[in-house]
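*Asks:* Okay, so the sequence shown: first residue is 17 according to our numbering, each after it adds one.
A virtual CB, placed ideally from N, CA and C, is assigned to each residue, including glycine.
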Amino acid sequence: MKTFTFLSTGIVKGFEDVVSRKFKLSKTQQEALTKFLIRISNVVKVKSQLKVVEDDPSDDMILRTAYDGEADYIFSGDNHLLTIKEFKGIKIVTVSEMLKLLK
């Protein structure tokens, strides 16, 4: 199975917000982590305006990026996304499930 990661500017911004809140990293470490993530990912220009996650509209950016990037899977720990299970042919799985698929 070939694997690719897809990002959009919206996902990068969300990632930076989460990292700054949940991890004790210096600003330099945060910037290095963000740059690394961008370097190993395909950056998608999001064009779709899908609105799916009523309880947390910020999660729609994940779905839009996956949809516009033509992803097969989204792996997440976010319950709003996990309850959807599949969106327009894109399977939404936990990190553990994704690791099993990659073996």
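If we call anything under 8 Å between Cβ atoms a contact, is Val60 one with Leu97?
*Replies:* no
*Asks:* With respect to the beta strand (DSSP E) encompassing Ile106, which residues constitute its N-terminal and C-terminal limits?
*Replies:* 106-109
*Asks:* Which class does Phe52 belong to by DSSP, given the choice of helix, strand or coil?
*Replies:* In this structure, Phe52 counts as helix in the three-state DSSP scheme.
*Asks:* Go through its chain and collect everything with a Cβ distance to Gly93's Cβ below 8 Å, but skip five positions before and after it.
*Replies:* Thr110, Val111
*Asks:* Excluding the five sequence neighbours on either side, which residues of its own chain have a C-beta within less than 8 Å of the C-beta of Lys67, listed in chain order?
*Replies:* Pro73, Asp76
*Asks:* What residues match up with Phe20 in a beta bridge as DSSP calls it?
*Replies:* Per DSSP, none; premise fails for Phe20.
*Asks:* Check each candidate in Asn58, Glu70, Ile100 and name the one with the smallest Cα separation from Glu86.
*Replies:* Of the listed residues, the one whose Cα sits closest to Glu86 is Asn58.
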